[in-house]
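See below for the structure under consideration.
Number of protein chains: 2
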Amino acid sequence: HGKFAVLGLGNFGTTVAQQLEELGNEVLAVDEDEERVNTLAEEFTHIVSADVRDERALEELGLGDFDAAVVAIGENLESNILCTLGLKHLGVPRVWVKAKSPAHHRILSKLGADRIVHPEFEIGVRVAYSLNYPFVLDYISLGSDYFVVELALSETVTDSTVGDLELEERFGIELLALKRGDELIRDEKTVTALREGDRLVVVGKQVHLRALADIL
Amino acid sequence: HGKFAVLGLGNFGTTVAQQLEELGNEVLAVDEDEERVNTLAEEFTHIVSADVRDERALEELGLGDFDAAVVAIGENLESNILCTLGLKHLGVPRVWVKAKSPAHHRILSKLGADRIVHPEFEIGVRVAYSLNYPFVLDYISLGSDYFVVELALSETVTDSTVGDLELEERFGIELLALKRGDELIRDEKTVTALREGDRLVVVGKQVHLRALADIL
Ligand SMILES: Nc1ncnc2c1ncn2[C@@H]1O[C@H](COP(=O)(O)OP(=O)(O)OP(=O)(O)O)[C@@H](O)[C@H]1O
Ligand SMILES: Nc1ncnc2c1ncn2[C@@H]1O[C@H](COP(=O)(O)OP(=O)(O)OP(=O)(O)O)[C@@H](O)[C@H]1O
């Protein structure tokens, strides 16, 4: 449970602020656009209109006592950068900033931004991988080329059991669980007959996962 | 290996097109802004300038034969929507579209968009969760409140072994692997002495994962 500020209330900033509040944190939402602040007044416990380029404004808002701040200003590079500088100068421990280009990223790095976020790039990579591997619904990289992957099943394998797929023997892949709707089947996973809509949660090396994806 | 078109070359569109090409696909990159197309000419095998609102232009580019198309136009709602309509009308099997609001999303749904992407919202959620759970470096939801999570370790646990943490007995959490740099330790994971910078890859229910996060 922490004290967070979000500066700039576009789609990204509004989402961060709302989610943090839902998770039980104290959130201060800030935007210079009074119309925007009025529109969002119902959504937030603490919301205020201010120009965050101004370090004195940041100080007056008490931002020096916050655990973290998110600079979510997009188009205005100057405001984004000046706000980042001001927050670090006030001693905010974690300042995360949305960047719009590699050059912007380099500047923010030098100014001490603790984490730099590129939403369009990060989701762009995920979209490309999802299009390329249509059966992969979600994944995390474990390093050493290992991934935990949630795979959709094709019709060809329904009515078999997971045991029939021989994931370990044929592909060197370990099955963690079978996901059916909102249910997770872990104990009888190998003997359960597969149905349409089921998903496999597996772990293995990329080359083995691709071999499996080819037969799905 | 497929045939993909990306319409609109902002940060998101450019990323999708580049990643798809790197993954070995045939990619056609399209933008109406000739300056943009000239700037990106070196980056893509196939890049062309065209106004994608015009269904005849889409047809002339042969888009009816593509496996999938990504509509990556941001600000211009009309262009985004007309392009989506045109692609579905040409029979492109998978049309994925970047949306800028819930209202835009509803319109795209009705027009038959196969997947609708909200980069600022999706990354906004991830940022909020990362700020709220600072030890969680990555995760996938398995359903039934189970998550696979990559956790950073705090200094308090280095020099213990994973076995000392008694993840199963104390927390009901299963350890999948220990991640050290780019290396994944799976076989001797329970007896390996933990070092600073190590990460644990675990699976368990959210309430148990939080209990673990509290002692890290
Ligand atoms: N100096 C400033 N002080 C406070 N707020 C600011 C300042 N400059 C810009 N903003 C606010 O930041 C918000 C987000 O900026 P902008 O709309 O440029 O970002 P965006 O990248 O398009 O947003 P998103 O992609 O998250 O929807 C705007 O509502 C704007 O009013
Ligand atoms: N009718 C059209 N035909 C082709 N390209 C178009 C059309 N309308 C807009 N575009 C292009 O789409 C590209 C992306 O649009 P825009 O810059 O509005 O999106 P954005 O959401 O700000 O981008 P991103 O967030 O991905 O950087 C622009 O380069 C623009 O030239």
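Respectively, the protein sequence lines represent chains A and B.
According to the numbering used here, the first sequence is numbered sequentially starting from 990.
According to the numbering used here, the second sequence is numbered sequentially starting from 990.
Note that CB positions come from ideal geometry on N, CA and C, so glycine has one too.
{"Asked": "Continuous alpha helix (DSSP H) stretch holding Arg1188 (chain A): start and end", "Found": "Note, Arg1188 (chain A): premise wrong, no alpha helix (DSSP H); beta strand (DSSP E) at 1188–1194."}
{"Asked": "Rounded separation between Glu1144 (chain A) and Asp1153 (chain A) - CA only", "Found": "15 Å"}
{"Asked": "Complete runs of the alpha helix (DSSP H) confined to the stretch 1022–1071 of chain B [at least 4 residues]", "Found": "1023–1029, 1044–1049"}
{"Asked": "Identity of the residues DSSP links to Asp1127 (chain A) by a beta bridge", "Found": "A:Glu1139"}
{"Asked": "Asn1000 (chain B) Cβ short of 6 Å to ligand 2 heavy atom set", "Found": "yes"}
{"Asked": "Proximal residues to Phe1124 (chain B) (C-beta, below 6 Å), its chain only, five neighbours per side dropped", "Found": "Leu1140, Ala1141, Ala1202, Leu1205"}
{"Asked": "Nearest-angstrom beta carbon gap, Leu1131 (chain A) and Val1190 (chain B) [assumed within contact, 8 Å]", "Found": "6 Å"}
{"Asked": "Cα-Cα separation, Thr1004 (chain A) to Ala1046 (chain A)", "Found": "23 Å"}
{"Asked": "Helix, strand or coil at Thr1150 (chain A) according to DSSP, with G and I counted as helix", "Found": "strand"}
{"Asked": "Among A:Leu1017, A:Glu1011, A:Ala1039, the one whose alpha carbon lies nearest that of Val1023 (chain A)", "Found": "A small fix is needed here, since residue 1023 (chain A) is Glu in this sequence, not Val. The shortest C-alpha separation from Glu1023 (chain A) is found at A:Ala1039."}
{"Asked": "Test: Ile1112 (chain A) CB closer than 7 Å to a CB of chain B", "Found": "yes"}
{"Asked": "Phe1160 (chain B), enclosing alpha helix (DSSP H) - first and last residue", "Found": "Careful: Phe1160 (chain B) lies outside any alpha helix (DSSP H) and carries neither H nor E."}
{"Asked": "Contact with chain B by Gly1053 (chain A), beta-carbon distance below 7 Å", "Found": "no"}
{"Asked": "Where Leu1076 (chain B) falls: helix, strand or coil (DSSP)", "Found": "helix"}
{"Asked": "Proximity of Gln1008 (chain A) and Ala1117 (chain B) at Cβ, strictly below 7 Å", "Found": "yes"}
{"Asked": "Given 8 Å, three or more beta-carbon pairs between the stretch 1089–1097 of chain B and the stretch 1066–1073 of chain B", "Found": "yes"}
{"Asked": "CB of Gly1063 (chain A) within 7 Å of CB of Leu1079 (chain A), strictly", "Found": "no"}
{"Asked": "Beta-carbon separation (whole angstroms), Leu1198 (chain A) vs Val1114 (chain A), contact threshold 8 Å", "Found": "About 17 Å separates the two Cβ atoms, so there is no contact after all."}
{"Asked": "Per-residue burial, Arg1042 (chain A) [other beta carbons within 10 Å of its own, 16 or more giving buried]", "Found": "buried"}
{"Asked": "Own chain, CB closer than 6 Å to Phe1110 (chain A), minus 5 neighbours either side, in chain order", "Found": "none"}
{"Asked": "Cβ neighbours of Pro1108 (chain B) in the same chain (closer than 8 Å, five flanking residues each side left out)", "Found": "Phe1001, Lys1087"}
{"Asked": "Within 7 Å, strictly: CB atoms of Asn1105 (chain B) and His1094 (chain B)", "Found": "According to the sequence displayed, residue 1105 (chain B) carries Ile and not Asn. Yes, they are a contact pair."}
{"Asked": "Cβ-heavy atom distance, Arg1045 (chain A) to ligand 1, below 6 Å", "Found": "no"}
{"Asked": "Extent of the continuous alpha helix (DSSP H) run through Arg1115 (chain A)", "Found": "1108–1121"}
{"Asked": "Separation of Phe1160 (chain A) from Ala1200 (chain A), as counted between CA atoms", "Found": "7 Å"}
{"Asked": "Per DSSP, the bridge partner or partners of Gly1132 (chain B)", "Found": "B:Tyr1135"}
{"Asked": "Spatial neighbours of Ala1006 (chain A) in its chain, beta-carbon cut-off 6 Å, leaving aside the 5 residues before and after", "Found": "Val995, Val1016, Ala1018"}
{"Asked": "Gly1075 (chain B) classed as buried or exposed, judged by whether at least 16 other C-beta atoms fall within 10 angstroms", "Found": "buried"}
{"Asked": "C-beta neighbour in chain A for Asn1027 (chain B), strict 7 Å", "Found": "no"}
{"Asked": "Member of A:Glu1172, A:Ala1182, A:Arg1169, A:Tyr1135 whose CA lies at the smallest distance from the CA of Thr1150 (chain A)", "Found": "A:Ala1182"}
{"Asked": "Residue-level contact to chain A via CB, Thr1145 (chain B), 7 Å cutoff", "Found": "no"}
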